[in-house]
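Undergrad:
Protein chains: 2
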Amino acid sequence: MNDHPSVTDELRARVRGIIEELGYLPDPSARSMRGKVSRLIGIVIPDLTNPFFSELVQSAEQAAANHGYNIIVMTSFDHAAKEADRIGQLTSRKVDGIILVPCNDFHTIKLPKGLPIIVVDRLMPGYFGIAADHRNGVRLGVEHLLKLGHRRIGFISGPKHSVPAKDRLRGYLDAMEQIQGDGQLASPSLIAEAAFDYESGRLAGNYLLARARHERPTAIFASSDQQAIGCMRAAHDLGIPIPAALSVVGFDGIPLSSMTTPRLTTVKQPIQRIAAAAVAILLNKQPLPGLDDPILLACEISEGETTSAPQPD
Amino acid sequence: MNDHPSVTDELRARVRGIIEELGYLPDPSARSMRGKVSRLIGIVIPDLTNPFFSELVQSAEQAAANHGYNIIVMTSFDHAAKEADRIGQLTSRKVDGIILVPCNDFHTIKLPKGLPIIVVDRLMPGYFGIAADHRNGVRLGVEHLLKLGHRRIGFISGPKHSVPAKDRLRGYLDAMEQIQGDGQLASPSLIAEAAFDYESGRLAGNYLLARARHERPTAIFASSDQQAIGCMRAAHDLGIPIPAALSVVGFDGIPLSSMTTPRLTTVKQPIQRIAAAAVAILLNKQPLPGLDDPILLACEISEGETTSAPQPD
DNA sequence: TTGTATGCGTTATCAT
DNA sequence: ATGATAACGCATACAA
Chain A
1 MNDHPSVTDE LRARVRGIIE ELGYLPDPSA RSMRGKVSRL IGIVIPDLTN PFFSELVQSA
61 EQAAANHGYN IIVMTSFDHA AKEADRIGQL TSRKVDGIIL VPCNDFHTIK LPKGLPIIVV
121 DRLMPGYFGI AADHRNGVRL GVEHLLKLGH RRIGFISGPK HSVPAKDRLR GYLDAMEQIQ
181 GDGQLASPSL IAEAAFDYES GRLAGNYLLA RARHERPTAI FASSDQQAIG CMRAAHDLGI
241 PIPAALSVVG FDGIPLSSMT TPRLTTVKQP IQRIAAAAVA ILLNKQPLPG LDDPILLACE
301 ISEGETTSAP QPD
Chain B
1 MNDHPSVTDE LRARVRGIIE ELGYLPDPSA RSMRGKVSRL IGIVIPDLTN PFFSELVQSA
61 EQAAANHGYN IIVMTSFDHA AKEADRIGQL TSRKVDGIIL VPCNDFHTIK LPKGLPIIVV
121 DRLMPGYFGI AADHRNGVRL GVEHLLKLGH RRIGFISGPK HSVPAKDRLR GYLDAMEQIQ
181 GDGQLASPSL IAEAAFDYES GRLAGNYLLA RARHERPTAI FASSDQQAIG CMRAAHDLGI
241 PIPAALSVVG FDGIPLSSMT TPRLTTVKQP IQRIAAAAVA ILLNKQPLPG LDDPILLACE
301 ISEGETTSAP QPD
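Protein chains in written order, with UniProt numbering: chain A, 1 to 313; chain B, 1 to 313.
Here it is as structure tokens:
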């Protein structure tokens, strides 16, 4: 049945015939009990409601299906204890591998060795990882604003301790430092910390924009599309027109970004490629990256209508 | 171990001690092979990228976790053949039940009897079902517009053959008929058919709005929030201010609806309650509904800023 | 109340 | 090349 080489074509045909006839279906439980594979991949993410993660899960499910695998999803709600619990459950389910987007709390992941785990998006030193190249992606976006002539560029950062948030901040600083003369272009007052959701983005945008006109940024780079949309909302509430008086660039490239008014300029993450690579690695179709040498996939900028040259002061 | 009544406390304690000591974990594969439960629930949805479904899955996962169950998600991409394949996979995985959002193609679901399946959102006659009360929900939204004084109310319908789309249309007609005098308030030219996504909503909105001012609707009810957002985009592109010259009401109540500019008025579906009820029924914690008597849960209206009284012609 | 034997559906191993 | 058999880890039924 499993295409063993030393079996007659004739017998194989006979067996297949009977399989059809009886409507036989292999039982994965029995398979996974006897053998060592369950054809099951676990995926643990902080929040399925976040469009970035839901697209990630969907892409992973497709990639897994292509190899005859199924996905079991679990939500950690960004809570380390829940995350540990979920990983434990997946372990006892004998999944063949785990795709993990770790929660932001500082913590370590404990898992029985032998179970391959691949950390996605929020890289952790010491674990195999795949992610978009956030640092260069953000740099790309900020450079776009610099090229348009902006100099007071605000930055909505992600949660302070999260690795991707740090990477994105690094990219912002890279870009700002590279063109700054004597003055400090990237002053702390231009940086606001926020969670990645809409509402936090709105609050951060409000913080950056509720100032005298010549002090407030002429452009804002947000660390997520949701933040960017929240920020647009804040600008609107303050009566600041986009892009006339404020340029906004987001990060992620979720489908919604092209449906806002005006359409959001954003840095697009290669979500499908990330998911496909993660699955391929867990299934040994692709070599493991080095432990401290994660796979980074390039982002690209997607121009919308929220960016233009700054107004003269 | 399974808290059998006739076992000494002393023995129970001893066993628990050893369980701790050895770090024993029950093996679900073995359990499900021997017994008849796998503590696994399958869920098949058309598109995880749709915020409505991702929230549904997340809620189901939570509800299942509360009972010690896990969820296997699968995407059908609104394709009947894929849907059948997914159900087959779940069957062979011996899931204890399936939550299904069927695809829109006209089709029948085939599955081995004995496997409880509960159809959610897009009800099908002949299957156990749970859904929001779309018809009355839409009626609520349209009545809201009528009360504001609107009479030329456009309606963006869902795909013609889908059951919820028909229900929502019914609700629209209910409301319109109830106040209409002699004239036909709900003329066919006020109804546009579209898929539920952003882009289809934009096209439908464009169709309804690209007319002479005194012919175009003063308000539009969209069958999904994504359609509503697309429709707002179309209005904006045509230079029609919202809500001054056009009121818009959506349906679903996804988190994003409160982050648009202006905030979307929408009819909210009780997603969490739907998911919780579906899980409870599959786990026999709640009685099955009648076969042709689905459980309908009430919607409620959430007022945003996209609705106001119509301008005089 | 406690201990023990059987079989669930596979696959790997061994004998034919 | 094919057929037979044990073992995987658990729940159940039955014996002690």
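Even for Gly, the Cβ is constructed at its ideal location relative to N, Cα and C.
The structure displayed is predicted, hence computed values, not measured ones.
How many Å lie between Glu199(A) and Ser32(A) at the Cα?
TA: Along the first sequence, one-based indexing puts residue 199(A) at 199. Along the first sequence, one-based indexing puts residue 32(A) at 32. Cα-Cα distance, rounded: 45 Å.
Undergrad: May I ask you to report which of helix, strand or coil DSSP gives Glu55(B)?
TA: Looking up residue 55(B) in the second sequence gives position 55. In the structure shown, Glu55(B) sits in a helix (DSSP, three-state: H, G or I).
Undergrad: Give me the DSSP bridge partner(s) of Ala131(A).
TA: Against the first sequence, residue 131(A) aligns to sequence position 131. Leu296(A).
Undergrad: In whole angstroms, give me the CA-to-CA distance for Ala235(A) and Ala219(A).
TA: Within the first sequence, numbered from 1, the residue matching residue 235(A) stands at position 235. Within the first sequence, numbered from 1, the residue matching residue 219(A) stands at position 219. Distance between the alpha carbons of Ala235(A) and Ala219(A) is about 11 Å.
Undergrad: Roughly how far, in whole angstroms, is the beta-carbon of residue 373(B) from the beta-carbon of Pro243(B), given that I think they are within contact range, below 8 Å?
TA: An answer regarding residue 373(B) cannot be provided, because it is not within the stretch 1 to 313 covered by chain B.
Undergrad: DSSP beta-bridge partners for Val120(A)?
TA: Start at 1 with the first residue of the first sequence, and residue 120(A) comes out as number 120. Partner(s): Ile130(A).
Undergrad: Using beta carbons (cut-off 7 Å, strictly below), is Ser257(A) in contact with chain B?
TA: Numbered from 1 along the first sequence, position 257 holds the residue referred to as residue 257(A). No, Ser257(A) lies away from the interface with chain B (no Cβ there is under 7 Å from its Cβ).
Undergrad: Any beta-carbon of chain B closer than 7 Å to the one on Asn22(A)?
TA: Counting from one through the first sequence, the residue named residue 22(A) turns up at place 22. Looking at the sequence provided, one finds Leu at residue 22(A) rather than Asn. Output row for Leu22(A): interface = no.
Undergrad: So does the stretch 277 to 287 of chain A actually touch the stretch 118 to 138 of chain A, counting three or more Cβ pairs closer than 8 Å?
TA: These segments touch.
Undergrad: Using 8 Å for Cβ pairs, my map puts Arg263(A) next to Glu300(A). What's the rounded Cβ distance?
TA: As a working mapping, residue 263(A) is identified with position 263 in the first sequence. As a working mapping, residue 300(A) is identified with position 300 in the first sequence. No, Arg263(A) and Glu300(A) are not in contact; Cβ-Cβ is about 16 Å, not under 8 Å.
Undergrad: Hey, which unbroken runs of the beta strand (DSSP E) at 3 residues or more fall wholly within the stretch 228 to 265 of chain B?
TA: Listed in chain order, the complete beta strand (DSSP E) runs (minimum 3 residues) inside the stretch 228 to 265 of chain B are 247 to 252.
Undergrad: Using a Cβ-Cβ cut-off of less than 9 Å, list which residues of the stretch 161 to 193 of chain B approach chain A; keep chain order.
TA: Taking 9 Å as the Cβ-Cβ cut-off against chain A, none of the residues of the stretch 161 to 193 of chain B qualify.
Undergrad: Within its chain, find whatever has a CB closer than 7 Å to the CB of Ile240(B); leave out the 5 residues flanking it on each side and keep chain order.
TA: For this step, residue 240(B) is matched to residue 240 along the second sequence. These residues qualify, in order along the chain: Leu209, Leu246.
Undergrad: Distance cutoff 7 Å, beta carbons only. Does Thr261(B) sit that close to anything in chain A?
TA: Position 261 of the second sequence holds residue 261(B). True, the Cβ-Cβ gap to chain A drops below 7 Å.
Undergrad: Residue ranges of each beta strand (DSSP E) run of no fewer than 3 residues wholly in the stretch 25 to 81 of chain B, ordered along the chain?
TA: For the stretch 25 to 81 of chain B, whole beta strand (DSSP E) runs of length 3 or above, ordered along the chain, are 40 to 45, 70 to 75.
Undergrad: Name the two residues that bound the continuous alpha helix (DSSP H) containing Ile109(A).
TA: Within the first sequence, the letter at position 109 stands for residue 109(A). First-last for Ile109(A): undefined, no H or E at that position.
Undergrad: Buried or exposed, going by whether 16 or more other CB atoms sit within 10 Å of the CB of Gln89(B)?
TA: Translated into positions along the second sequence, residue 89(B) becomes position 89. Gln89(B) is buried by the Cβ-count criterion.
Undergrad: Which stretch, first to last residue, makes up the beta strand (DSSP E) that contains Glu193(A)?
TA: Stepping through the first sequence from its first residue, residue 193(A) is reached at position 193. Counting along the chain, the beta strand (DSSP E) containing Glu193(A) begins and ends at 191 to 193.
Undergrad: Among all the DSSP beta bridges, which residues are the ones paired with Val163(B)?
TA: Here residue 163(B) corresponds to residue number 163 of the second sequence, with the count starting at 1. Answer is none; Val163(B) lacks a bridge partner.
Undergrad: Under 7 Å Cβ to Cβ from Leu140(A), same chain only, skipping five residues before and after it: list those, please.
TA: As a working note, residue 140(A) is residue 140 in the first sequence. Once the five neighbours on either side are set aside, the close Cβ partners of Leu140(A) are Val267, Cys299, Ile301.
Undergrad: Return helix, strand or coil for Ala175(A), following the three-state DSSP convention.
TA: Here residue 175(A) refers to the residue found at position 175 when the first sequence is read from its first residue. Ala175(A): helix per DSSP, three-state reduction.
Undergrad: Under a CB-based cut-off of 7 Å, is residue 348(B) close to chain A?
TA: This structure cannot settle anything about residue 348(B), because the visible part of chain B is limited to 1 through 313.
Undergrad: Just to confirm my understanding: we take Ala277(A), look at its own chain, exclude 5 residues before and 5 after, and list those with CB closer than 7 Å. What are they?
TA: As a position in the first sequence, residue 277(A) is number 277, starting the count at 1. For Ala277(A), where only same-chain residues beyond five positions count, the Cβ hits under 7 Å are Ile130, Gln286, Ile295.
Undergrad: Can you grab the Cα-Cα spacing for the pair residue 381(A) / Asn136(A), in whole Å?
TA: Residue 381(A) cannot be examined here, being either before or after the span of chain A that is shown, 1 to 313.
Undergrad: Could you tell me which chain B residues have their CB closer than 9 Å to the CB of Asp78(A), listed as they occur along the chain?
TA: To locate residue 78(A), count along the first sequence from 1; it is residue 78. Correct list: empty, because the minimum Cβ distance to chain B is about 13 Å.
Undergrad: With a threshold of 8 Å, are at least 3 pairs of Cβ atoms found where one atom belongs to the stretch 66 to 81 of chain A and the other to the stretch 44 to 52 of chain A?
TA: Yes, the stretch 66 to 81 of chain A is in contact with the stretch 44 to 52 of chain A.
Undergrad: Measure the Cβ-Cβ separation of Glu55(A) and Thr75(B) and say whether it is below 7 Å.
TA: Taking the first residue of the first sequence as 1, we reach residue 55(A) at position 55. Taking the first residue of the second sequence as 1, we reach residue 75(B) at position 75. Result no, Cβ atoms of Glu55(A) and Thr75(B) do not sit closer than 7 Å.
Undergrad: Check this for me: beta carbons of Ile109(A) and Ile71(A), under 7 Å apart or not?
TA: Taking the first sequence and counting its residues from 1, the one referred to as residue 109(A) is at position 109. Taking the first sequence and counting its residues from 1, the one referred to as residue 71(A) is at position 71. No, these two residues do not count as a Cβ contact at 7 Å.
Undergrad: If the cut is a Cβ gap below 7 Å, which residues of chain B does Leu48(A) touch?
TA: As a first step, residue 48(A) must be located in the first sequence, where it is residue number 48. Near Leu48(A) (Cβ distances below 7 Å), the residues of chain B are Ser54, Val57, Gln58.
Undergrad: Look up Gly205(A) in the DSSP assignment and give the residues it is bridged to.
TA: If you number the first sequence from 1, residue 205(A) lands on position 205. Answer is none; Gly205(A) lacks a bridge partner.
Undergrad: Starting from Ala277(A), follow the alpha helix (DSSP H) in both directions and report where the run begins and ends.
TA: Sequence index remark: in the first sequence, residue 277(A) carries index 277 (1-based). Element bounds for Ala277(A): 271 to 282.
Undergrad: If you drop the 5 nearest sequence neighbours on each side, which residues of the same chain put their C-beta closer than 6 Å to that of Tyr69(A)?
TA: Translated into the one-based positions of the first sequence, residue 69(A) becomes position 69. Excluding residues within five positions, the ones whose Cβ falls inside 6 Å are Arg39, Ile41.
Undergrad: Based on DSSP bridge pairs, tell me the residues matched to Leu100(B).
TA: Against the second sequence, residue 100(B) aligns to sequence position 100. Its beta-bridge partners are Val44(B), Val119(B).
Undergrad: Give me the subset of the stretch 77 to 111 of chain B whose CB atoms are less than 8 Å from a CB atom of chain A, sorted by chain position.
TA: The stretch 77 to 111 of chain B vs chain A, Cβ under 8 Å: Gly88, Gln89, Thr91, Ser92, Arg93, Lys94.
Undergrad: Report yes or no: is there a C-beta of chain A within less than 7 Å of the C-beta of Ala278(B)?
TA: Locating residue 278(B) in the second sequence gives position 278, counting from the first residue. For Ala278(B), the answer is no, since every Cβ of chain A falls outside 7 Å of its Cβ.
Undergrad: Count the other CB atoms, across all protein chains shown, that sit within 10 Å of the CB of Arg202(B); report buried if there are 16 or more and exposed otherwise.
TA: In the second sequence, residue 202(B) corresponds to position 202, counting from 1. Answer is buried; the Cβ neighbour count reaches 16.
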